[in-house]
Every structure is written in C-alpha cells, then in structure tokens.
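Enquirer: Position 155 (the sequence shown) corresponds to 553 in my numbering; numbering is contiguous.
We put the beta carbon where it would ideally sit given N, CA and C, even for glycine.
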Amino acid sequence: MEETEVSHFLHILVRMGEALQNSGAEVFRVEDTLNRIAIAYGAEDVNVFVITSSIVVTLTMPSLPPQTETRRLRHAASNDLLTLEKLNALSRRICTAPPSIEEFQRQLNAILAQHPDPRLHLAGSVLAASSFAIFFGGNLWDGLLAGGIAVLICWMERYLSPFCMNGVEFQFIASFLSGVSTLLLCRFGMQFHADKVLIGIIMLLIPGIMLTNSIRDILLGDIISGSLRLVEAILMAATLALGIMAAIWLMGGISA
Numbered sequence: 399m400e401e402t403e404v405s406h407f408l409h410i411l412v413r414m415g416e417a418l419q420n421s422g423a424e425v426f427r428v429e430d431t432l433n434r435i436a437i438a439y440g441a442e443d444v445n446v447f448v449i450t451s452s453i454v455v456t457l458t459m460p461s462l463p464p465q466t467e468t469r470r471l472r473h474a475a476s477n478d479l480l481t482l483e484k485l486n487a488l489s490r491r492i493c494t495a496p497p498s499i500e501e502f503q504r505q506l507n508a509i510l511a512q513h514p515d516p517r518l519h520l521a522g523s524v525l526a527a528s529s530f531a532i533f534f535g536g537n538l539w540d541g542l543l544a545g546g547i548a549v550l551i552c553w554m555e556r557y558l559s560p561f562c563m564n565g566v567e568f569q570f571i572a573s574f575l576s577g578v579s580t581l582l583l584c585r586f587g588m589q590f591h592a593d594k595v596l597i598g599i600i601m602l603l604i605p606g607i608m609l610t611n612s613i614r615d616i617l618l619g620d621i622i623s624g625s626l627r628l629v630e631a632i633l634m635a636a637t638l639a640l641g642i643m644a645a646i647w648l649m650g651g652i653s654a
C-alpha cells in the first residue's frame, strides 16, 4: 500500500470499530476485530485503544511510517445485535480472504445503510413488557396495559430521545412519563395492578446489557472502559428509579 491508501484504509478501519461499538460490542471484541483486520491487510504493528467515548488506532505498514487516527464516539451505544452479527460476519470474511479496500468500504457502507424495522422493535417491546407484567403476578389486563405503555416508550425513544442532551436525561423523562401514565390509567379500572404494570415497563428501560458488558470488560482487563460503563449503568439505573419514584410521589402512591 502507498501512504494515501494506508490513510484511507485506516479511516475505514476506525469506522468499523465505531460501528461495532455503537452496536453494543464489548471493548475487547472491538479491539480484537480491528487488530485481526489490520493484520489480514499486512500490517506490521497495530495498536488499538477503545473506551466508550473514543477510538484510537495506530497502524504501521511495511516500509511506511506509523499513522494514527482518533474518532470521538458521540452516539450512545445501542444493542443492535443484528448489525453486530453482520459486522462480525464481515470481519470473518475479511480475515479469511481480504478484499480490496474499496470493496471493504462498500460492504461496510451496505451494512451501515440498513436500518432495523421499527415495527419489530415495537413488537418486541410490547411482548417483553406484557410478559414481565404477567410473569410477576399480574393478570391479562395488566399485561395489556404494560404493552400499551411500551408503545409510549417506543414513541419517546423515536421522537423524544433526539431532543435530549444525553441518555440520563431521556431515562428520567421516559420513566417519569411512563410512571405517571400507568398510575393515571390504573385509576380508571379496578382490574389493574399498578405495581405489576410498573415492573413490566421498568424492564424495558433498565440497563441490563450495559451492566453485563461493563463487568465483562473489567474481567477481561479493560478496567477504564469497564469502569466507565459500570458508572453509566449505575447512573442510568438510579435515574430510572428516581423517575418512577417521582411519578409515584406526584400521583400520591401506587394504590391511590
């Protein structure tokens, strides 16, 4: 590769790492994937540093000086497991038979251009909220109400989240509005049990995967990234509890 080609390849490599991180991959997976891809293209030395908000990659090709690129990650990591699987499949194909840099970029762009069907996300949210509400002792009416509140949460994730400064602010607003809506609707029917419905909707907002990934990062030796994710997960969980508590206090209690 020439120096300009290495710079172009490095840019694509960092985009690959950003896509993995934004799809919910662990830090170890991102670093390992970028290392393997760089070596497959003939890199003599690769240094990858990833935390939840930044990626730094230094690449050394034969007979060329090292090149470094840094990418600030400004979007909150989601849990798009379908995109993550496609990116993993792409990395395995590259390591087996590296295509041209242009083909690598084309395949990566094709994956990133695909967006999940919001109807599937809505259906999964409704099913999860309803199932948890019934599983923890609620009746069919509780499950239906939890599914209805799940629709509200999905609407807020789609239209309200872009206007929030960060995930913590959205977490508080979403939990507060969901709690108030639940308690208001439960007052119109004796067949509803507000505590069971609240359990169902809390399961949609609790940062369980983030907490699990943070512990895994720490166990794998990525102390900085794991600690950052752990603090963020705890903060999100505390904000969720604060929003629900504020809704209960405003409405005068669950049984009111």
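Are D431 and S452 close, meaning C-beta to C-beta below 8 Å?
Expert: The sequence position of residue 431 within the sequence shown is 33, counting from 1. The sequence position of residue 452 within the sequence shown is 54, counting from 1. The displayed chain sequence assigns Thr, not Asp, to residue 431. No, they are not a contact pair.
Enquirer: With DSSP as the reference, please indicate the residues paired to L596 in a beta bridge.
Expert: Within the sequence shown, residue 596 is the residue found at index 198, counting from 1. Its beta-bridge partners do not exist; DSSP assigns none.
Enquirer: Using the beta-carbon count (16 or more within 10 Å), is D515 buried or exposed?
Expert: Looking up residue 515 in the sequence shown gives position 117. With fewer than 16 other Cβ atoms within 10 Å, it is exposed.
Enquirer: Would you call the CB atoms of S579 and L550 closer than 8 Å?
Expert: What you label residue 579 is simply residue 181 of the sequence shown in a count that begins at 1. What you label residue 550 is simply residue 152 of the sequence shown in a count that begins at 1. Yes, they are a contact pair.
Enquirer: Less than 8 Å separating the beta-carbons of G641 and F534?
Expert: The sequence position of residue 641 within the sequence shown is 243, counting from 1. The sequence position of residue 534 within the sequence shown is 136, counting from 1. The answer is no: Cβ separation not under 8 Å.
Enquirer: Give me the Cα-Cα distance between L626 and F586, rounded to the nearest whole angstrom.
Expert: For the purposes of this step, residue 626 is taken as residue 228 along the sequence shown, with counting starting at 1. For the purposes of this step, residue 586 is taken as residue 188 along the sequence shown, with counting starting at 1. Approximately 43 Å between the Cα atoms of the pair.
Enquirer: Taking the beta strand (DSSP E) that M615 falls in, what are its first and last residues?
Expert: Locating residue 615 in the sequence shown gives position 217, counting from the first residue. Note that residue 615 corresponds to Asp in the displayed sequence, not to Met. No beta strand (DSSP E) holds D615; the alpha helix (DSSP H) holding it covers G606 to L617.
Enquirer: Taking 8 Å as the cut-off, does the region 405-421 touch the region 480-489 (at least 3 CB pairs, one atom from each stretch)?
Expert: They touch, by the three-pair rule.
Enquirer: State yes or no: is the C-beta of Q589 within less than 8 Å of the C-beta of M634?
Expert: The count along the sequence shown starts at 1 and reaches residue 589 at position 191. The count along the sequence shown starts at 1 and reaches residue 634 at position 236. Taking 8 Å as the Cβ cut-off, Q589 and M634 do not qualify as a contacting pair.
Enquirer: For a test of the three-state rule: what should DSSP assign to S529, helix, strand or coil?
Expert: Here residue 529 is taken as the residue at index 131 of the sequence shown, counted from 1. Reduced to three states, the DSSP call for S529 is helix.
Enquirer: Roughly how far, in whole angstroms, is the beta-carbon of V455 from the beta-carbon of D615, given that I think they are within contact range, below 8 Å?
Expert: Position 57 of the sequence shown, counted from the first residue, corresponds to residue 455. Position 217 of the sequence shown, counted from the first residue, corresponds to residue 615. The Cβ separation is near 18 Å, so there is no contact.
Enquirer: What do you reckon, are the CB atoms on N595 and G651 nearer than 8 Å?
Expert: Sequence index remark: in the sequence shown, residue 595 carries index 197 (1-based). Sequence index remark: in the sequence shown, residue 651 carries index 253 (1-based). Note that residue 595 corresponds to Val in the displayed sequence, not to Asn. Not in contact: V595 and G651 (Cβ atoms no closer than 8 Å).
Enquirer: Going by C-alpha to C-alpha distance, which of G624, M649, T637 and M643 sits closest to I449?
Expert: One-based indexing of the sequence shown puts residue 449 at position 51. Per the Cα distances, G624.
Enquirer: If L628 and S612 are in contact, beta carbons under 8 Å, what's the gap, nearest whole angstrom?
Expert: On the sequence shown, residue 628 is found 230 positions in, with the first residue counted as 1. On the sequence shown, residue 612 is found 214 positions in, with the first residue counted as 1. Indeed they touch by this definition, with Cβ atoms about 4 Å apart.
Enquirer: Report, in whole angstroms, the separation of the C-beta atoms of D540 and A531, which I expect to be a contact under 8 Å.
Expert: Numbered from its first residue, the sequence shown carries residue 540 at position 142. Numbered from its first residue, the sequence shown carries residue 531 at position 133. Going by Cβ atoms, the distance from D540 to A531 rounds to 5 Å, so yes, they are a contact pair.
Enquirer: What's the gap between the Cα of T466 and the Cα of A572?
Expert: As a position in the sequence shown, residue 466 is number 68, starting the count at 1. As a position in the sequence shown, residue 572 is number 174, starting the count at 1. Their backbone Cα atoms lie some 40 Å apart in a straight line.
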